[in-house]
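Visitor:
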Amino acid sequence: MVHNTLHDRGVIARWRQFLPVSDATPVISLNEGSTPLIHSPRLSAIVGRGAEVYVKYEGLNPTGSFKDRGMTMAISKAVESGAKAVICASTGNTSAAAAAYAARAGITSIVLLPAGKIALGKLAQAFMYGSKVVAIEGNFDDALRLVREIGETEPIAIVNSINPFRLEGQKTAAFEIIETLGDAPDLHMIPVGNAGNISAYWMGYREFHAAGRAKKLPVMAGFQAAGSAPIFYNKVIEKPETVATAIRIGNPASWDKATVAMRDSGGTVDIVTDAEILEAQFWLAKNEGIFVEPASAASIAGLMKCADKSRGAAFDLSRIPEGAKIVCTVTGHGLKDPDVAKDRISGIVTAHAEKGAILDIIA
Ligand SMILES: *Cc1c(COP(=O)(O)O)cnc(C)c1O
Numbered sequence: 004m005v006h007n008t009l010h011d012r013g014v015i016a017r018w019r020q021f022l023p024v025s026d027a028t029p030v031i032s033l034n035e036g037s038t039p040l041i042h043s044p045r046l047s048a049i050v051g052r053g054a055e056v057y058v059k060y061e062g063l064n065p066t067g068s069f070k071d072r073g074m075t076m077a078i079s080k081a082v083e084s085g086a087k088a089v090i091c092a093s094t095g096n097t098s099a100a101a102a103a104y105a106a107r108a109g110i111t112s113i114v115l116l117p118a119g120k121i122a123l124g125k126l127a128q129a130f131m132y133g134s135k136v137v138a139i140e141g142n143f144d145d146a147l148r149l150v151r152e153i154g155e156t157e158p159i160a161i162v163n164s165i166n167p168f169r170l171e172g173q174k175t176a177a178f179e180i181i182e183t184l185g186d187a188p189d190l191h192m193i194p195v196g197n198a199g200n201i202s203a204y205w206m207g208y209r210e211f212h213a214a215g216r217a218k219k220l221p222v223m224a225g226f227q228a229a230g231s232a233p234i235f236y237n238k239v240i241e242k243p244e245t246v247a248t249a250i251r252i253g254n255p256a257s258w259d260k261a262t263v264a265m266r267d268s269g270g271t272v273d274i275v276t277d278a279e280i281l282e283a284q285f286w287l288a289k290n291e292g293i294f295v296e297p298a299s300a301a302s303i304a305g306l307m308k309c310a311d312k313s314r315g316a317a318f319d320l321s322r323i324p325e326g327a328k329i330v331c332t333v334t335g336h337g338l339k340d341p342d343v344a345k346d347r348i349s350g351i352v353t354a355h356a357e358k359g360a361i362l363d364i365i366a
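Throughout the sequence shown, residue numbering follows our numbering, covering 4 to 366 in sequence.
1) Residues bridged to C309 by DSSP?
2) Cutting at 6 Å between CB atoms, please list the residues of its own chain near A232, excluding the five before and the five after it.
3) Distance, Cα to Cα, K238 vs G196?
4) Go ahead and label Q128 buried or exposed: buried means 16 or more other beta carbons lie within 10 angstroms of its beta carbon, across all protein chains shown.
5) Cβ atoms of S164 and A101: under 9 Å apart, would you say?
6) Beta-carbon separation of I234 and W258 under 9 Å?
7) Quick one, are the C-beta atoms of G124 and P341 less than 9 Å apart?
8) Measuring from the CB of F69, is there a heavy atom of ligand 1 at a distance below 8 Å?
9) Do P255 and ligand 1 come close, with the Cβ less than 8 Å from some heavy atom?
10) Alpha carbon to alpha carbon, what distance is there between S37 and G62?
11) Might you give, ordered along the chain, the residues of its own chain that have their beta carbon closer than 7 Å to the beta carbon of G53, omitting 5 neighbours on each side?
12) Here's the rule: buried if 16 or more other CB atoms are within 10 angstroms of the residue's CB, otherwise exposed. What is H191?
13) Return yes when the Cβ of L281 is within less than 9 Å of the Cβ of S300, no when it is not.
14) Mind checking which residues open and close the alpha helix (DSSP H) that includes D259?
15) Quick check: is any heavy atom of ligand 1 less than 8 Å from the C-beta of I252?
16) Would you check if there are 3 or more beta carbon pairs closer than 8 Å linking the region 173-186 to the region 72-85?
17) Is the beta carbon of P167 within less than 8 Å of some heavy atom of ligand 1?
18) Less than 8 Å between the CB atoms is what I'm expecting for I78 and I31, so what's the real figure, rounded?
19) Taking DSSP as the reference, what is the three-state secondary structure of H355?
Next up, the structure:
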């Protein structure tokens, strides 16, 4: 067998000493993590004042989202405890990750999805990885309630982010950012749905700070879609709606943790509209060559909102120092949700198969 470097062997191999694993833990990995932190000259220019903006491209994980970081932990620990089956509620990416890592472990995965609200790529993944897929007549919050009920009576491990091992794995993204930058950034911008990821990053930043690996802690700025923004409005949203299906959540499981992260870091939560999300998604693909799914673009839309003083953003960018480092997490790959690109694809022009016709069109 070929031996990869530690960085290529997944987050448990790379960050073992910071994770609750032991020699008894079977490591179920698809070599997730170690994703690129891409400098964005154009976002840096938009922010100005010498800021350096970086994009943490989590779409390059094995199943195309950051969920793989948490799932390698959740599935490894489930197998360690003898589980033969796992279950999750999902807006799509948790189910894709659970299905892949369960397949890798040789155990059964069951996924509960809100009927009709899953991006096509994610649905394809659940089926291809061999999950038992149940579409429920309800939203994500209903699905999560049912998962909790099933977990109470059935011998099936829950791998939603209410499983603490998920956040443990996800915190490793913060470790990687600190290692790449040499310190924590000044400001971290991140999409918020069930609010596990922002909580996990904050845990990771704090742990490395406490261990002396980072000198500072970032300000955490979370962004919700305007139609599903329970934390921003400080109330449960019964019928959350947004094109960004991965953050279409009305009652986040990690609400309290996320609130603490934003409060203790001096950060804020803000909203971005679906139009702003789609515009930021297209902008990032067209201007920086980074194609992300709509939910992921919430952090980019958020940064753009903050950079435009006329839009009344919750976070005042002038609070961060000259030359600050800013990281935007983009959570999932653009190919997950091909339907949102349909409007743009529909503009395709067909030409006669001859040079002149093509030159006419591209002129
Ligand atoms: C899960 C997910 C989110 C939201 O993360 P939370 O931890 O639920 O806040 C955002 N974007 C994508 C692509 C996701 O898969």
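Ideal Cβ placement from N, Cα and C applies to all residues, glycine included.
Guide: This is what the structure gives:
1) DSSP lists no partner for C309.
2) I274
3) 14 Å
4) buried
5) no
6) yes
7) yes
8) yes
9) yes
10) 11 Å
11) E325, G326
12) buried
13) Sequence inspection shows Ala at residue 300; the Ser mentioned does not correspond to that position. Contact flag set, yes.
14) 258-267
15) yes
16) yes
17) no
18) 5 Å
19) coil
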